[in-house]
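Numbering (this note's numbering), first residue to last: 580 to 830. Notes follow the structure.
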Ligand code: PEP
């Protein structure tokens with residue numbers, strides 16, 4: 580049985596004061612929530628704040644990006660070993676905003692995935708199709724291509740130390756959620772794709788759904804066989820909403 584994971588993606592939101600209130604409420608609320616894993620992925624400058632507030636709590640923390648390079652003349656980049664210095668357990672790679680707004684292609688995403696794992700951080704690998712791709716009937720082709728790029732580069736065994744997030748681009752920040760059936764269909768596809776290479780790894784890998792998950796729709800999404808939790812954007816900035824989503828993932 581896979582333990583569910585709910586991870587918040589704060590994106591470029593927050594400040595020291597608002598973060599402190601959010602982290603305090605989440606950490607306190609998580610004391611009463613059992614049988615699931617919870618994490619927040621915060622902007623780089625707030626990693627020390629997350630580390631100092633969340634260590635010795637039920638809430639893990641992580642980052643939203645990582646350099647594919649270990650060190651060197653890469654102005655503005657942050658390496659995986661730097662994330663380790665601040666206790667990161669997770670890092671998001673391949674988010675659709677990084678792919679579309681910052682031009683990250685499949686090979687860059689694979690390199691970031693491997694850089695994170697090389698430092699012992701669990702990458703949360705995001706895959707997902709645009710609305711146009713869905714309407715053209717190529718959803719499976721797109722998500723398989725995004726997944727294969729990482730499987731080919733890192734090897735299937737790497738998925739034992741990673742998380743996959745299916746995030747249909749048309750559902751991110753739009754208020755338009757995939758139905759549980761639509762999400763389950765793609766999650767099953769992704770698990771089958773991993774299973775083609777290693778059935779044991781496929782059974783263990785957590786596949787999160789992301790795209791306008793809210794307190795009101797989390798339970799029915801998480802009830803599906805291949806949905807192992809959520810990657811939460813907007814609702815992760817409201818402590819009560821995020822905690823309600825965590826409660827919906829309780830084992
Ligand atoms: C995200 O950006 O990863 C996300 C799922 O956002 P939202 O929940 O706001 O759709």
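Backbone N, C-alpha and C define an ideal beta-carbon position, used for all residues, glycine too. Quick caveat: nothing in here was measured; it's all calculated off a predicted structure.
By the beta-carbon neighbour count (other beta carbons within 10 angstroms, threshold 16), residue 627 is exposed. Our two residues, residue 757 and residue 694, have alpha carbons roughly 31 Å apart in a direct line. Between the C-alpha atoms of residue 803 and residue 651 there is a straight-line separation of about 44 Å.
The C-beta distance from residue 816 to residue 592 rounds to 6 Å, short enough to fall under 8 Å. Residue 609 sits close to residue 825, with the two beta carbons spaced by under 9 Å.
Counting only residues of its own chain and dropping the five nearest sequence neighbours on each side, residue 797 has a CB closer than 6 Å to the CB of 824, 827. Between the C-alpha atoms of residue 636 and residue 764 there is a straight-line separation of about 35 Å.
If you look at residue 669, you'll find it isn't in any alpha helix (DSSP H); it sits in the beta strand (DSSP E) that goes 669-672. In the three-state reduction of the DSSP assignment, residue 755 falls in the coil class.
Under the three-state reduction of DSSP, residue 589 is assigned to coil, being neither helix nor strand.
Going by DSSP, residue 786 is part of the beta strand (DSSP E) stretching over 785-789.
Here residue 753 is exposed. Its C-beta has fewer than 16 other C-beta atoms within 10 Å.
Distance between residue 632 and residue 715, taken at the CA atoms: about 46 Å.
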